[in-house]
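Numbering (my numbering), first residue to last: 8 to 151.
Glycine is no exception: its CB is placed at the ideal position from the N, C-alpha and C atoms.
Quick notes on the structure that follows.
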Ligand SMILES: [Zn+2]
Ligand SMILES: [Zn+2]
């Protein structure tokens, strides 16, 4: 077996640094209202990892956390405010935003929460009304 590749990531200022190792469980775009409002952006590019694949290598005590719901613990750097992760305890996965691991080859496979979309992306990828059945959603696909 090939040695899993490790990629470096970090916050906007660099006070928080981390690595991800191996392959994510899923990659894509989330169009939900929560991601949009928290990020102040129209869409969130996510990569979902088993928590043990994500290691904070610098600034662990500089990471702030907020959870509006028990499903999503959103984390950021206390110095620059840059977002780094969202932990999803229910799924047992950690979302490492694609934007904070610039060298990682992001290959999106799906759009989730597309019923809440404000920025249509007509890339031919599946568009889920909410999330796939195996993630606890309806599994219903909708038009681009
Ligand atoms: Zn920072
Ligand atoms: Zn979202």
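If you count every other CB in all the chains shown that lies within 10 Å of the CB of residue i, and 16 or more means buried, which is it?
i	result
residue 20	exposed
residue 17	buried
residue 102	buried
residue 79	buried
residue 105	buried
residue 116	exposed
Can you tell which of the options has its C-alpha closest to the C-alpha of residue i?
i	options	result
residue 49	60, 37, 57	37
residue 81	44, 145, 22, 28	44
residue 41	93, 29, 67, 57	93
residue 99	61, 10, 148	61
What did DSSP end up calling residue i once you bin it into helix, strand or coil?
i	result
residue 84	strand
residue 73	strand
residue 34	strand
May I ask you to check if the CB of residue i is nearer than 6 Å to at least one heavy atom of ligand 3?
i	result
residue 9	Summarising the ligand content, the structure contains ligand 1 and ligand 2 and does not contain ligand 3.
Does the Cβ-Cβ distance between residue i and residue j come in under 7 Å?
i	j	result
residue 27	residue 14	yes
* For the stretch 140–147 and the stretch 123–130, state whether three or more C-beta atom pairs, one from each stretch, are separated by less than 8 Å. => no
* Asked: Counting Cβ pairs, one atom from each stretch, are 3 or more of them under 8 Å apart for the stretch 71–88 and the stretch 51–63?
  -> no
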